[in-house]
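Working notes, structure below.
In our numbering, the protein residues as written are 27 to 219.
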C-alpha cells in the first residue's frame with residue numbers, strides 16, 4: 027500500500043479502498059505526521075480519511091517540540107531545547123498556557139495533558155513521544171492515565187481551534203440554506219460527542 031507520509035489523503039484512501047476490494051487485511055499506520063494542539067491541520071483531510079478507512083495515524087511531536095511541555099509557561103528553560111523561546115508564536119504560547127492551566131486543575135503535568143489530548147481526539151491516533159531523558163519518558167507515559175473530562179477537552183479545543191477551510195466551512199455556513207431545518211439534525215465533525 028502507498029504510504030500516507032506527506033502524501034495527499036486521497037492517495038492513502040484510494041489504497042485502502044483497493045485493499046478492501048481485493049479483501050486484503052489492512053494493517054499499519056496510514057501515515058506519520060506531526061499532530062498537536064499547536065498543529066491540527068491533519069483534521070482537515072488526513073484524520074477523517076484515516077478514521078473512515080479504519081487505519082491509524084502515528085502522530086509525532088505531540089508536545090510541539092517542547093512548547094506544550096510546560097517549560098515555557100513555568101520558566102523552566104534550563105538546558106537544551108528543540109525550540110528557541112523567541113521563536114514561539116503568541117498563539118503557541120497562549121495554547122501552552124491553557125495546557126498548563128488544565129494540567130494544574132487536574133494535578134498532572136502539561137506534557138501529560140498535551141499527549142492525552144492527542145489520544146482523546148481519535149482512536150485512530152497514537153502519539154509518538156520523543157523524550158531525551160528517562161524522567162521525561164516516564165512523565166510522558168503518564169499520559170495514558172490522564173483522563174481529560176469534557177470541560178478540559180473543550181478548553182483545549184477552544185484555545186487551539188483551526189479553520190477547516192473549504193469545503194468544511196462552506197458546508198457549515200450554508201447548511202441552513204441547503205438543508206433547511208433538517209440540517210440542524212445532522213452531526214458534523216465539530217458537533218460529534
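Glycine included, every Cβ here is placed at the ideal spot set by N, Cα and C.
For residue 83, report the span of its beta strand (DSSP E) as first-last.
Numbered from its first residue, the chain shown carries residue 83 at position 57. Residues 82-86.
Going by alpha carbons, who is nearest to residue 63 out of 119, 198, 131?
In the chain shown, the residue the question calls residue 63 occupies position 37. Closest by alpha carbon: 119.
9 Å Cβ cutoff met for residue 190 and residue 69
Working through the chain shown from its first residue, we reach residue 190 at position 164. Working through the chain shown from its first residue, we reach residue 69 at position 43. Yes. Within cutoff.
Grouping DSSP H, G and I as helix and E and B as strand, with all else coil, what is residue 101?
As a first step, residue 101 must be located in the chain shown, where it is residue number 75. Looking at residue 101 - three-state DSSP - the assignment turns out to be coil, as it is neither helix nor strand.
Helix, strand or coil, according to DSSP, for residue 18 in the structure here?
Only positions 27 to 219 of the chain appear in this structure, which leaves residue 18 out of reach.
Can you tell me which of the three DSSP states residue 149 falls into?
Walking along the chain shown from the start, residue 149 turns up at place 123. DSSP places residue 149 in coil when its eight states are reduced to three.
Taking the alpha-carbon of residue 87 as reference, which of 75, 154, 126 has the nearest alpha-carbon?
For the purposes of this step, residue 87 is identified with residue 61 of the chain shown, where counting begins at 1. When only C-alpha atoms are compared, the closest one is 154.
For residue 54, does the three-state DSSP call read helix, strand or coil?
The residue labelled residue 54 in the question sits at position 28 within the chain shown. Unreliable placement is indicated for residue 54, whose pLDDT of 49 sits below 50; the coordinate value is still reported in the next sentence. Coil, per DSSP.
Exposed or buried, which one is residue 265 when buried takes at least 16 other CB atoms within 10 Å?
Because the chain is modelled from 27 through 219, residue 265 falls outside the range shown and cannot be assessed.
So, are the CB atoms of residue 91 and residue 66 less than 9 Å apart?
For this step, residue 91 is matched to residue 65 along the chain shown. For this step, residue 66 is matched to residue 40 along the chain shown. For residue 91 and residue 66, no; Cβs fall outside 9 Å.
Is it true that the CB of residue 169 sits closer than 9 Å to the CB of residue 139?
To locate residue 139, count along the chain shown from 1; it is residue 113. To locate residue 169, count along the chain shown from 1; it is residue 143. Their beta carbons are under 9 Å apart, which means residue 139 touches residue 169 by this criterion.
Which of helix, strand or coil DSSP assigns to residue 121:
Numbered from its first residue, the chain shown carries residue 121 at position 95. Three-state result, residue 121: helix.
Can you tell me the Cα-Cα spacing of residue 94 and residue 121, whole angstroms?
For the purposes of this step, residue 94 is taken as the residue at position 68 of the chain shown. For the purposes of this step, residue 121 is taken as the residue at position 95 of the chain shown. One C-alpha to the other measures close to 8 Å.
Separation of residue 203 from residue 184, as counted between CA atoms:
The residue you call residue 184 lines up with position 158 of the chain shown. The residue you call residue 203 lines up with position 177 of the chain shown. Approximately 26 Å, taken between the alpha carbons.
Along the chain, where does the alpha helix (DSSP H) containing residue 164 start, and where does it finish?
One-based indexing of the chain shown puts residue 164 at position 138. Note, residue 164: alpha helix (DSSP H), 160-167.
State buried or exposed for residue 20, treating a residue as buried only when at least 16 other CB atoms are found within 10 Å of its CB.
For the chain, the structure presents residues 27 to 219; residue 20 sits outside this window and is missing.
C-alpha distance - residue 72 paired with residue 199, whole-angstrom precision:
For this step, residue 72 is matched to residue 46 along the chain shown. For this step, residue 199 is matched to residue 173 along the chain shown. The alpha-carbon atoms of residue 72 and residue 199 are separated by roughly 22 Å.
In the structure shown, what three-state DSSP assignment does residue 65 receive?
Translated into positions along the chain shown, residue 65 becomes position 39. Here residue 65 sits in strand by DSSP.
Using C-beta distances below 7 Å, list every residue in its chain close to residue 166, excluding the 5 sequence neighbours before and after it, in chain order.
In the chain shown, counting from the first residue as 1, residue 166 sits at position 140. Contacts found: 137, 141, 155, 157.
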